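For the record, the sequence lines run as chains A and B.
Start counting the first sequence at 1495; every next residue gets the next number (this note's numbering).
Start counting the second sequence at 1495; every next residue gets the next number (this note's numbering).
From the three backbone atoms N, C-alpha and C, an ideal C-beta is built for every residue, glycine too.
These figures come from a predicted structure and were not determined experimentally.
In what follows, a structure is listed as structure tokens, so that the remarks can point back to it.
Number of protein chains: 2
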Amino acid sequence: MNRRKATESKKIILEAANEVFAERGYSGTTIREVARRAGISIGGIYIYFQNKEELYLELTRDHIETFRKHTEMLRDKEPLAALKALIEYHLDYAIKNTGLISMHIKEYDLEFKKNLKKTFFDSQQRLVTGILKKGVMKGIFKDINCEETAEVILFSLRGATMDYLFGQIRDLKKYGESLYQLILNGIRRKAA
Amino acid sequence: MNRRKATESKKIILEAANEVFAERGYSGTTIREVARRAGISIGGIYIYFQNKEELYLELTRDHIETFRKHTEMLRDKEPLAALKALIEYHLDYAIKNTGLISMHIKEYDLEFKKNLKKTFFDSQQRLVTGILKKGVMKGIFKDINCEETAEVILFSLRGATMDYLFGQIRDLKKYGESLYQLILNGIRRKAA
DNA sequence: CGTAAGGGTGAACGCATGTTCAGGTGAACA
DNA sequence: TGTTCACCTGAACATGCGTTCACCCTTACG
Chain A
1495 MNRRKATESK
1505 KIILEAANEV
1515 FAERGYSGTT
1525 IREVARRAGI
1535 SIGGIYIYFQ
1545 NKEELYLELT
1555 RDHIETFRKH
1565 TEMLRDKEPL
1575 AALKALIEYH
1585 LDYAIKNTGL
1595 ISMHIKEYDL
1605 EFKKNLKKTF
1615 FDSQQRLVTG
1625 ILKKGVMKGI
1635 FKDINCEETA
1645 EVILFSLRGA
1655 TMDYLFGQIR
1665 DLKKYGESLY
1675 QLILNGIRRK
1685 AA
Chain B
1495 MNRRKATESK
1505 KIILEAANEV
1515 FAERGYSGTT
1525 IREVARRAGI
1535 SIGGIYIYFQ
1545 NKEELYLELT
1555 RDHIETFRKH
1565 TEMLRDKEPL
1575 AALKALIEYH
1585 LDYAIKNTGL
1595 ISMHIKEYDL
1605 EFKKNLKKTF
1615 FDSQQRLVTG
1625 ILKKGVMKGI
1635 FKDINCEETA
1645 EVILFSLRGA
1655 TMDYLFGQIR
1665 DLKKYGESLY
1675 QLILNGIRRK
1685 AA
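Here it is as structure tokens:
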């Protein structure tokens, strides 16, 4: 029927796939459902994507890139403000992208996305370590082990995200302040 | 052939199922594989369990009960010791039961185990809140919001578990001390 | 007009899964 | 020995999946 341009169709498929993956996870997503929601035929998907994996990878690369771009900006802020903003961004992201995060948690061990995941986690780890090191240098933070503390901070953020996902807590934002205080009391140099 | 007693067969099936579920998660587990590993036929499984869900639930109930029993004992300890032991137990459990935890994380939203999960999470929450309240009463901890702080502590423990599972960190035990310090500095009443 | 090509279709294929059920087998007892 | 019954078997069934491919439109161009 030649209804659309190729680039347009590809975009529509990606958007539909994004929806379905977020709702159902990787293995729960069927090509049939993506096709249905994109308003294209089953075979039509395979014109633009070799297979389901490729479709998934293309989406995941986008998501990681978006997240990375937003958090990398924090490097320029003051350590305290950067930490606060990091916590806020994490919690905010979790609230606004439940489906996406759910997908990545549920299928965390898919072999074909291992590299992508490692790169992502490492970049976050480096970012927080950087913030902490800056704080230590400036005398704002105690003389902590920055790598290890960065990891622990990320633990708590991911744990909060997970509990929110699990439905264990309703108002995630509420915990932002508690998290900030707990972290800060643990690393800040005493004023007195 | 009447090789075994019914109770024995059921136990063998449960053990096999435990293995396979831990390795492959719920949906990744096939009755065929459980049967193969239990040394019984496919149909044999259905003599003892109505279906896959029931098999899974029976196992999960056991696991939760074991965990709960071990942590409830901490109520009698001194708050500081209880916190330390709780952290230790969590990390230890994560290391020794990767497969199990992986299964629960990967299929966290299975409808038929929702109640079981909520009960489990709530009991942990109550336990930590109790420990904190005792500490506050004794003047060991600051006048914190016990419920909220308990949640944040559980965040960090679950986050640590998750990062370990994700392969992001290798030596989980190493982070026990960091976690303890961060938490403690955040809630302990200053000695001076 | 003919025809090539980009864009699209969906029935069909091969495979895997949870579940069923007609039937087998051996020990225990009459 | 014959009968019963608890225990067990695995081919068969219904379903659902990712993927393929022979074929169909519509447009562009000569």
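Query                                                                                                                                                                                                          : Result
Which of the three DSSP states, helix, strand or coil, is assigned to residue 1664 of chain A?                                                                                                                 : coil
Excluding the five sequence neighbours on either side, which residues of its own chain have a C-beta within less than 7 Å of the C-beta of residue 1564 of chain B, listed in chain order?                     : 1583
Does the region 1508-1518 of chain B come close enough to the region 1582-1600 of chain B that 3 or more CB-CB pairs lie under 8 Å?                                                                            : yes
Use the C-beta contact count for residue 1500 of chain A: other C-beta atoms within 10 angstroms, 16 or more gives buried, fewer gives exposed.                                                                : exposed
Going by Cα to Cα distance, which pick from A:1609, A:1510 and A:1651 is closest to residue 1589 of chain A?                                                                                                   : A:1651
Short check: CB of residue 1585 of chain A to CB of residue 1654 of chain A, under 8 Å?                                                                                                                        : yes
When the Cβ atoms of the region 1620-1637 of chain B are set against those of the region 1538-1554 of chain B, are three or more pairs found closer than 8 Å?                                                  : no
In the structure shown, what three-state DSSP assignment does residue 1682 of chain A receive?                                                                                                                 : strand
In whole angstroms, what separates the C-alpha of residue 1528 of chain A from that of residue 1535 of chain A?                                                                                                : 9 Å
Can you confirm whether the region 1656-1676 of chain A touches the region 1500-1512 of chain B when touching is taken to mean that 3 or more C-beta pairs between the two stretches lie within less than 8 Å? : no
Just to confirm before moving on: does the CB-CB distance between residue 1618 of chain B and residue 1680 of chain A stay below 8 Å?                                                                          : no
Under a Cβ-count criterion, where at least 16 other Cβ atoms within 10 Å of its own Cβ denotes burial, should residue 1606 of chain B be classed as buried or exposed?                                         : exposed
With H, G and I counted as helix, E and B as strand and the rest as coil, what does DSSP make of residue 1543 of chain A?                                                                                      : coil
Anything in chain B within Cβ reach of residue 1646 of chain A, meaning under 7 Å, just list it in chain order.                                                                                                : 1650, 1669, 1672, 1673 and 1676
Using only the alpha-carbon positions, how far apart do residue 1684 of chain B and residue 1580 of chain A sit?                                                                                               : 28 Å
Rounded to the nearest angstrom, what separates residue 1672 of chain A and residue 1604 of chain B at their Cα positions?                                                                                     : 30 Å
Would you mind stating whether residue 1689 of chain A and residue 1624 of chain A have Cβ atoms separated by less than 8 Å?                                                                                   : Given a span of 1495 to 1686 for chain A in the structure shown, any question on residue 1689 of chain A remains unanswerable.
Does the distance from the C-beta atom of residue 1634 of chain B to that of residue 1677 of chain B stay below 8 Å?                                                                                           : no
Which residues, in chain order, does the region 1578-1608 of chain A contribute to contact with chain B at a C-beta distance below 9 Å?                                                                        : 1596, 1599, 1600, 1601, 1602, 1603 and 1608
Under 8 Å Cβ-Cβ, which residues of chain B neighbour residue 1663 of chain A?                                                                                                                                  : 1645
Based on Cα-Cα distance, which residue from A:1558, A:1531, A:1511 and A:1521 lies nearest to residue 1612 of chain A?                                                                                         : A:1558
At a CB-CB cut-off below 8 Å, which residues of chain A make contact with residue 1463 of chain B?                                                                                                             : Chain B is shown from 1495 up to 1686; residue 1463 of chain B falls before or after that span and cannot be answered.
Alpha carbon to alpha carbon, how far is residue 1521 of chain A from residue 1601 of chain A?                                                                                                                 : 8 Å
Residue 1642 of chain B touches chain A at which residues, Cβ-Cβ below 8 Å?                                                                                                                                    : 1668, 1669 and 1672
How should residue 1524 of chain A be labelled, buried or exposed, when 16 other C-beta atoms within 10 angstroms of its C-beta is the threshold for buried?                                                   : exposed
Compute the Euclidean distance between the alpha carbons of residue 1632 of chain A and residue 1572 of chain A, then round it to the nearest angstrom.                                                        : 10 Å
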